[in-house]
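Visitor: Right, I'll just put the structure down here and ask away after.
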Amino acid sequence: MKLGSQLNIQDLSYSFGQTMILDQLNLNVKEGSIHSLIGTTGVGKSLLLRLVSGLTQMQAGVINADTENLSFVFQNNSFFSWLTIEKNLDLTSNQKTNEMHELIRRFKLDEYLQLYPKFLSGGTVQKFNLLRAFIGKPKLILMDEPYSHLDIIQREDLYRFTLELWNEYKPTIFFVTHDIDEALYLSNHISFLSKKSKKVAGELKVKDDLPNAVLDSLVEHRAREDYLKQFKFIHNWLTMDIN
Amino acid sequence: MKKTFVSLLTVVVLWHTLIFFNLIDSAFFPPPILVIKNLIALFFEDNLLSQLLYSLKRLLIASLIAVPLAILIALLTTHDKKIDDSLNPIIAFTFPLPKVAIYPLLLLIFGIADWSKITLISIGIFYIIYINFRIAIRRLLDSQACEITKIYKLSRIDYFWNFIIKGCQVELLTGFKLGFNYGLTLVVVSETSTSNNGLGYFIWKSWDQFKIINVYSGIFMLSIIGFIFYYIFENLIERTRHKFF
Numbered sequence: 015m016k017l018g019s020q021l022n023i024q025d026l027s028y029s030f031g032q033t034m035i036l037d038q039l040n041l042n043v044k045e046g047s048i049h050s051l052i053g054t055t056g057v058g059k060s061l062l063l064r065l066v067s068g069l070t071q072m073q074a075g076v077i078n079a080d081t082e083n084l085s086f087v088f089q090n091n092s093f094f095s096w097l098t099i100e101k102n103l104d105l106t107s108n109q110k111t112n113e114m115h116e117l118i119r120r121f122k123l124d125e126y127l128q129l130y131p132k133f134l135s136g137g138t139v140q141k142f143n144l145l146r147a148f149i150g151k152p153k154l155i156l157m158d159e160p161y162s163h164l165d166i167i168q169r170e171d172l173y174r175f176t177l178e179l180w181n182e183y184k185p186t187i188f189f190v191t192h193d194i195d196e197a198l199y200l201s202n203h204i205s206f207l208s209k210k211s212k213k214v215a216g217e218l219k220v221k222d223d224l225p226n227a228v229l230d231s232l233v234e235h236r237a238r239e240d241y242l243k244q245f246k247f248i249h250n251w252l253t254m255d256i257n
Numbered sequence: 042m043k044k045t046f047v048s049l050l051t052v053v054v055l056w057h058t059l060i061f062f063n064l065i066d067s068a069f070f071p072p073p074i075l076v077i078k079n080l081i082a083l084f085f086e087d088n089l090l091s092q093l094l095y096s097l098k099r100l101l102i103a104s105l106i107a108v109p110l111a112i113l114i115a116l117l118t119t120h121d122k123k124i125d126d127s128l129n130p131i132i133a134f135t136f137p138l139p140k141v142a143i144y145p146l147l148l149l150i151f152g153i154a155d156w157s158k159i160t161l162i163s164i165g166i167f168y169i170i171y172i173n174f175r176i177a178i179r180r181l182l183d184s185q186a187c188e189i190t191k192i193y194k195l196s197r198i199d200y201f202w203n204f205i206i207k208g209c210q211v212e213l214l215t216g217f218k219l220g221f222n223y224g225l226t227l228v229v230v231s232e233t234s235t236s237n238n239g240l241g242y243f244i245w246k247s248w249d250q251f252k253i254i255n256v257y258s259g260i261f262m263l264s265i266i267g268f269i270f271y272y273i274f275e276n277l278i279e280r281t282r283h284k285f286f
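Below you can see the structure in the form of C-alpha cells.
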C-alpha cells in the first residue's frame, strides 16, 4: 500500500539578491519512497524544502506537489512552548484526535502528553515532531535534518520510529541531511545537491523497498554497520564529491 | 512578598526616626502610622471608598475600551502591510506626546463630564498595551512556531487564541501591568481638574483645604491600588514564565 504522492521539481531557481542558490534544479521523488537530499551546509537544502512546502515563495521553476496534503518536520523543537504536548498535537491534528491517541498509545508516549515541551528531552520532542507529521496520513512529508542535533542512541531510536511510522501507509518522505550514512540507511533514493553547479548533480537508487529484515535489524548496531558496508563505495564517492 | 514588607517597613521606621529627631517637620511629613489611621477612618467613616470607586470605575471603562482596541490594532498592523503603512506613522507621531497635553483638547471635544477623562485614560493605556503587544506579535511571526501554523493550517480561532494571545501572554501581561499603573496616574491627573469626585479630586481638595494628612492618605490609597495591580500582574508574569519558558 503506497499512499504517498509524487514530487516533481522542474527548472527551479532561487537567488538571494545577486547570489544564486539554486540554478535550474530538477528532481523527481517517487511516490511512497523515502528520498534523501544530501549536500553541504549552505547549499540550499532547507531552502528547497521551504520552496516545496510553500513557506518560501518561488522565484522561477515549477514544483508539482500536493501542498494541501503535506507535513513538515523541522530540525529543532517546533512545538508551541506555551501549550502542553497534547494541546500542541490537538491543534495540528486537524480533528484526527482518535488516530493521534492511537499512535501515542502504541508508541507508549502517553506519559508526556500533559507536559510542556521544555520538560522533554531533545529526543522525545523530536519523536513527537515526527509523530505529528504522520497524523492525518499526509501524502508527502518533508523533513529538515530531523536527527542532526541528537546523539547516536537517540538517532537510532528515531530511525526505527520513523521507519515504523512510514511502514504504516508508505507516504512519500523527502528529507534533507548532511549525514551520508543516515541517508544510505533510511532512503530508497538519494540525490546529491552540488554547491558548485547549484543543482542536483547525482542521484542513486539505494533499494526498492525497505524490507522487514532491515526494519528488524535497526535495533542492532552491528547489523546496521554491516548493511552500510555494502554501500561503502557510494559513501566514498559522495564524500569525495561533497568535498 | 516578605522582602517587600521588610523594605516598606524600613521606610516607615526611617520616617518615624527622622520625625523623632526633628529632622523633618511632622506638619508636612505626618508619621505614616497616623496617615494609615487617618486612611482607615476616611475609608470607613468618610467617603474615601466612594471616591476610590469613582476612580476605579473610570479606569475600568477606559481599560475596556483601550485593551480590545490595542489588541485589534496590533493584530491588524502586524498582519496587513497596508494597514501598518497607514496607521503606524500616526501612532509613532502621537505616541511621544505627553498624554496630559491633549487633555484640554479632549475637554473641548467631550466636555467636562466623564468621557473626556475616560478618553484620556484610554489613550494612555492603549499606547502601552499596543506597543508591547505589537513587539510580541512580531517576535512570534518571525519564529518557527509561525511556520507550524502555516504548515498545519490552524483555524482562525486557534491562530488567534492558541498562537497569538497565548504566545504573547507574557508581553500582554507586562502591557497590562504598565498600562493600568499609567492609567491610574492619568485617572488622578484628569480628576484634579474638572471633577467633583475620584481620588484625584480628593487629594486636590484636601490640598486646597490644607489637610496635609488627607493628602497623604489619598496618596497612600493610590499606592495601595498601584501595588495591588503591580503585584497581581508581576505574579502572573512570573508564573507564566516559569511554567513554560
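If you read the sequences in order, they're chains L and H.
Quick note, in my numbering, the first sequence goes up one by one and the last residue is 257.
Quick note, in my numbering, the second sequence goes up one by one and the last residue is 286.
Glycine is no exception: its CB is placed at the ideal position from the N, C-alpha and C atoms.
Given the structure is predicted, the values throughout are model-derived calculations rather than measurements.
1) Of all the alpha helix (DSSP H) runs that stay within the bounds of the stretch 77-129 of chain H, which reach a length of 4 or more residues?
2) Looking at the secondary structure, which residues open and close the alpha helix (DSSP H) in which H:I273 lies?
3) Does the stretch 162-180 of chain H come within contact of the stretch 250-259 of chain H, defined as at least 3 CB pairs closer than 8 Å?
4) Determine, using beta carbons only, whether L:V233 comes closer than 8 Å to chain H.
5) Kindly indicate the opening and closing residues of the alpha helix (DSSP H) around H:H57.
6) Pick from L:L39, L:S19, L:A79, L:H49: whose alpha carbon is nearest that of L:S211?
7) Under 8 Å between beta-carbons, which chain L residues line up against H:Q185? List them in chain order, please.
8) Identify the residues that DSSP records as bridge partners of L:M157: which are they?
9) State the DSSP-derived secondary structure class of L:M114, mapped to helix, strand or coil.
10) Buried or exposed for H:E279, going by 16 or more other Cβ atoms inside 10 Å?
11) Between H:I166 and H:G239, which are expected to be in contact by the criterion C-beta below 8 Å, what is the C-beta distance as a whole number of angstroms?
12) Compare the Cα-Cα distances from H:Y171 to each of H:Y193, H:G152, H:K191, H:L213 and report the closest residue.
13) What in chain H is Cβ-close to L:Y130, meaning under 8 Å?
14) Counting Cβ pairs, one atom from each stretch, are 3 or more of them under 8 Å apart for the stretch 229-246 of chain H and the stretch 119-128 of chain L?
15) Give the range of the alpha helix (DSSP H) segment to which H:G224 is assigned.
16) Taking all protein chains shown into account, decide if H:G152 is buried (16 or more other Cβ within 10 angstroms of its Cβ) or exposed.
17) Which residues in the same chain have their Cβ closer than 7 Å to the Cβ of H:L182, if we skip the five residues on either side of it in sequence?
18) For a contact meaning CB atoms closer than 8 Å, what does H:G208 contact in chain L?
19) Are the CB atoms of L:S205 and L:H49 nearer to each other than 8 Å?
20) Tell me which residues share the same chain as H:S247 and place their Cβ nearer than 7 Å to its Cβ, disregarding the 5 neighbours each side in the sequence.
21) Quick one: Cα of L:T191 to Cα of L:Q140, how far?
22) Provide the residue(s) that pair with L:N22 in DSSP beta bridges, ordered along the chain.
23) Sort H:F61, H:L105, H:F84, H:L55 by Cα distance to H:G224 and report the nearest one.
24) Look at the alpha carbon of H:E232 and the alpha carbon of L:Q89, and state the distance between them as a whole number of angstroms.
25) Just how far apart, CA to CA, sit H:C187 and L:L134?
26) Which class does H:F151 belong to by DSSP, given the choice of helix, strand or coil?
27) By the 7 Å beta-carbon criterion, what residues does the stretch 131-151 of chain L contribute toward chain H?
28) Give the DSSP bridge partners of L:T98, in chain order.
29) Hey, is H:D126's beta-carbon within less than 8 Å of any beta-carbon in chain L?
30) Can you pull the chain L residues whose beta carbon is under 8 Å from the beta carbon of H:L116, in chain order?
31) Could you have a look at L:A215 and say whether DSSP puts it in helix, strand or coil?
32) Please list, in chain order, the chain L residues whose beta carbon lies closer than 8 Å to that of H:F204.
33) What is the DSSP secondary structure of L:S50, counted as helix, strand or coil?
Guide: Based on what the coordinates show:
1) Note on the stretch 77-129 of chain H: whole alpha helix (DSSP H) runs with a minimum of 4 residues are 89-120, in chain order.
2) 253-285 is the extent of the alpha helix (DSSP H) around H:I273.
3) Verdict: no, contact absent.
4) Unreliable positioning characterises L:V233 in this predicted model, as indicated by a pLDDT of 47, which lies under 50. The coordinate reading is nonetheless provided below. At least 8 Å separates the CB of L:V233 from every CB of chain H.
5) If you look at H:H57, you'll find it in the alpha helix (DSSP H) that goes 43-61.
6) Nearest in C-alpha terms to L:S211, of all of L:L39, L:S19, L:A79, L:H49, is L:L39.
7) Residues of chain L passing the Cβ test: F88, N90, S92.
8) Bridge partners of L:M157: L:V87, L:F189.
9) If DSSP states are grouped into helix, strand and coil, L:M114 belongs with the helices.
10) An exposed status is given to H:E279, since fewer than 16 other beta-carbon atoms sit within 10 Å of its beta-carbon.
11) Rounded, the Cβ-Cβ distance is 17 Å, inconsistent with contact.
12) Nearest neighbour of H:Y171 by Cα position, chosen from H:Y193, H:G152, H:K191, H:L213, turns out to be H:L213.
13) Taking the beta carbon of L:Y130 as reference, the chain H residues within 8 Å of it are K284, F285, listed in sequence order.
14) Segments in contact, no.
15) Counting along the chain, the alpha helix (DSSP H) containing H:G224 begins and ends at 210-233.
16) Burial call: exposed.
17) Around H:L182: T119.
18) Result: F94, W96.
19) In terms of Cβ geometry, L:S205 and L:H49 form a close pair [threshold 8 Å].
20) Correct list, in chain order: N255, V256, G259.
21) Going from the Cα of L:T191 to the Cα of L:Q140 covers about 15 Å.
22) Within the DSSP bridge table, the entry for L:N22 names L:N42, L:N78 as partners.
23) Of the candidates H:F61, H:L105, H:F84, H:L55, H:L105 places its Cα closest to the Cα of H:G224.
24) If I take the Cα positions, the gap works out to 57 Å.
25) About 21 Å.
26) H:F151: helix per DSSP, three-state reduction.
27) Per Cβ criterion, the list reads K132.
28) The bridge partners DSSP lists for L:T98 come to none.
29) No, H:D126 lies away from the interface with chain L (no Cβ there is under 8 Å from its Cβ).
30) Those do not exist, as H:L116 stays about 18 Å from chain L at its closest Cβ, beyond 8 Å.
31) Looking at L:A215 - three-state DSSP - the assignment turns out to be strand.
32) Proximity of chain L to H:F204 at the Cβ level (cut-off 8 Å) is accounted for by F94, in chain order.
33) L:S50: strand per DSSP, three-state reduction.
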